[in-house]
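A.B. asks: Counted the way this note's numbering counts, the sequence shown spans residues -13 to 127.
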Amino acid sequence: MWMWLILAGVLLAVEMTSGTLALLFAGLGALAAALLAWFLPEQGNLQIAVFAVASVAGVIVAWRRRGASKNQLEPDDGTSAVARKVEVVTPPDASGHLRVRYRGSDWPAALAEHSAIPAAGDTLTVVRQEGSVLVVQAPEH
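(1) Which residues bound the alpha helix (DSSP H) around A(-6)?
(2) Which residue wins for smallest C-alpha separation from T76, given the options L14, V86, G82 and Q33?
(3) Excluding the 5 residues flanking T111 on each side, which residues of the same chain have their C-beta closer than 7 Å to its C-beta?
(4) Whose C-beta lies closer than 6 Å to the C-beta of P78 among residues of the same chain, with five residues either side of it excluded?
(5) Identify, in the order they occur along the chain, each residue of the same chain with its Cβ nearer than 6 Å to the Cβ of L10, setting aside the five sequence neighbours on each side.
(6) What is the DSSP secondary structure of G64, reduced to helix, strand or coil?
(7) Where T6 and D108 are concerned, what is the direct C-alpha to C-alpha distance, given to the nearest angstrom?
(8) Taking the C-alpha atoms as reference points, what is the distance between L32 and S41?
(9) What number of angstroms, rounded off, separates the C-alpha of Y88 from the C-alpha of G44?
(10) Give me whichever residues DSSP pairs with V122 in a beta bridge.
Pasting the structure below:
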């Protein structure tokens, strides 16, 4: 039982940092296996089967969810975010970091050097992307 609980804890902790959803199902499967181990300790094969089914179900759900979310966004033609228009959600703080709306969700952003200070609702242009942070500036007129 302890092995399943430790595995569940590790899987759920990793899930919290990754957000894949597949590890959530695997962690829940390990918790279910731990419950089985508590009530039916001699049913080791059943514990493994419950864990395996939950893990496979998680992979399938995550895979389908990933495909559905891609279909809801603009088509991924392999181009980057550069030159795309974004809307300011929260104005920049003292260090120039702000949040913008891009492809239907809020993204972290930073102002490019020599950029005017935008207000919420302003439209900016992405000049480059550094990891998940969009570097933005006011569009040139």
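Beta carbons: idealized from backbone N, C-alpha and C, even for Gly. None of the values given here were measured: they were computed from a predicted structure.
C.D. replies: Straight from the coordinates:
(1) For the purposes of this step, residue -6 is identified with residue 8 of the sequence shown, where counting begins at 1. Counting along the chain, the alpha helix (DSSP H) containing A(-6) begins and ends at W(-12) to S4.
(2) Counting from one through the sequence shown, the residue named residue 76 turns up at place 90. When C-alpha distances from T76 are compared across L14, V86, G82 and Q33, the shortest belongs to V86.
(3) Here residue 111 corresponds to residue number 125 of the sequence shown, with the count starting at 1. Around T111: A69, K71, V122, Q123 and P125.
(4) In the sequence shown, the residue the question calls residue 78 occupies position 92. Excluding sequence neighbours, P78 sits near L84 and L97.
(5) Locating residue 10 in the sequence shown gives position 24, where the first residue counts as 1. So the qualifying residues of the chain are E1.
(6) Translated into the one-based positions of the sequence shown, residue 64 becomes position 78. Only weak support exists for where G64 lies, its pLDDT of 41 falling under 50; the coordinates are left without a value.
(7) Position 20 of the sequence shown, counting from 1, holds the residue named residue 6. Position 122 of the sequence shown, counting from 1, holds the residue named residue 108. Whole-angstrom Cα-Cα distance: 32 Å.
(8) Within the sequence shown, residue 32 is the residue found at index 46, counting from 1. Within the sequence shown, residue 41 is the residue found at index 55, counting from 1. The alpha-carbon atoms of L32 and S41 are separated by roughly 14 Å.
(9) For the purposes of this step, residue 88 is identified with residue 102 of the sequence shown, where counting begins at 1. For the purposes of this step, residue 44 is identified with residue 58 of the sequence shown, where counting begins at 1. One C-alpha to the other measures close to 28 Å.
(10) Residue mapping note: residue 122 aligns to position 136 of the sequence shown, counting from 1. In the DSSP secondary-structure assignment, V122 is bridged to L97 and V112.
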